[in-house]
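A short worksheet on the structure shown next.
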Amino acid sequence: MTAATIWGMTKAELYEQIESMTDEEAAEVKLIFAPDWPSKATSIEEIRKRTGTKPMSPEDFDRHFGSLPTDGEG
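This note's numbering applies: residue -10 is where the sequence shown begins, and numbers increase by one.
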């Protein structure tokens, strides 16, 4: 099963999507109605303000996760 994010879908398109699902797929669906998403309250900047965190430096990242392989870019 795949995850999908639906932006700006009409009601007709939503009904079509629902009708195309199997009963098993429909049983796994979690629908969230969020008309003002993404909201400022859930931005990474606001979350960092509330929790007092900051982005990791490349050195902190490597110390925490170890060196990760790259795709050769950057």
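Every residue gets a Cβ at the ideal spot worked out from N, C-alpha and C, and that includes glycine.
Rounded to whole angstroms, how far is the Cβ of residue i from the Cβ of residue j, which I believe are closer than 8 Å?
| i | j | result |
| --- | --- | --- |
| R37 | K29 | The Cβ separation is near 13 Å, so there is no contact. |
What separation, rounded to the nearest whole angstrom, lies between the Cα atoms of residue i and residue j?
| i | j | result |
| --- | --- | --- |
| S56 | M45 | 14 Å |
| D51 | E14 | 39 Å |
| T59 | D49 | 17 Å |
| S9 | I21 | 19 Å |
| G41 | I33 | 11 Å |
With distance defined between alpha-carbon atoms, name the residue in the options nearest to residue i.
| i | options | result |
| --- | --- | --- |
| A23 | M(-2), E13, T59 and F50 | M(-2) |
Check for me: the alpha helix (DSSP H) holding residue i runs from which residue to which?
| i | result |
| --- | --- |
| I67 | The displayed coordinates of the chain run from -10 to 63. Any statement about residue 67 would go beyond what the structure contains. |
| F50 | P47 to F54 |
| D12 | D12 to A16 |
| D0 | A small fix is needed here, since residue 0 is Lys in this sequence, not Asp. Residues K0 to E8. |
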